[in-house]
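Our numbering puts the sequence shown at residues 151 to 295.
Note that CB positions come from ideal geometry on N, CA and C, so glycine has one too.
Input: a single structure, listed below in structure tokens.
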Amino acid sequence: MRITCEIIKDLLPLYHDNVCSKDSCKLVEEHLSTCEKCRDELKQINIEIKTVKNTEDVKVMNNIAKKWKQDRLSSFFAGILLFSIIASAGCVVAYNRIGSYVTAEGFLVEPFALIPLSYLFGLSALSSGVILGIMAIKRRMVNAK
Ligand SMILES: [Zn+2]
């Protein structure tokens with residue numbers, strides 16, 4: 151029986167993956183040594199498989215980069231949250247500590263600025279907390295997919 155290019159074409163994927171029998175392997179190699187068309191065919195298979203692999207690698211890399219970015223973003227907001235809570239509480243404590251007093255000239259001195267400052271930090275703590283919550287929900291939704 152003559153080995154046609156069609157037969158080799160059928161065998162090439164198996165040959166490429168090293169899963170065909172020894173005899174088939176030999177047959178393919180013999181044919182490849184004489185037939186340029188089938189050699190090209192084998193090259194094409196190599197290229198295709200490499201491309202698929204590269205695409206998968208890129209996907210994995212993108213996922214890692216995305217996760218890293220998310221982690222960085224959430225630790226950034228966690229830092230703001232922590233700082234805001236401490237600063238807000240600090241303002242209240244400082245306000246109570248300093249208290250109000252009357253100067254020798256009769257002016258009432260109160261650290262009023264600390265109160266809106268404390269609210270401001272409280273607001274920033276609240277918003278970073280909300281952002282963190284949204285990010286956590288989003289991540290859970292993505293992971294559940
Ligand atoms: Zn051939």
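- Between Arg290 and Gln220, the C-beta gap is not smaller than 8 Å, which leaves the two residues out of contact.
- A distance criterion of 7 Å places the beta-carbon of Lys187 in contact range of ligand 1, judged by its closest non-hydrogen atom.
- When DSSP states are grouped into helix, strand and coil, Val280 belongs to the helix group.
- Within a 10 Å sphere around the beta-carbon of Ser171 sit fewer than 16 other beta-carbons, which makes this residue exposed.
- Distances taken from the Cβ of Ile158 to the heavy atoms of ligand 1 include one shorter than 7 Å.
- In the three-state reduction of the DSSP assignment, Val243 falls in the helix class.
- Setting aside the 5 residues that flank it on each side, Val242 is surrounded in the same chain by Ser268, each with a C-beta closer than 6 Å to its C-beta; the list follows chain order.
- CA-to-CA, the gap between Gly279 and Leu192 works out to about 57 Å.
- Contact between the segment 204-217 and the segment 249-262 is absent, with fewer than three C-beta pairs closer than 8 Å.
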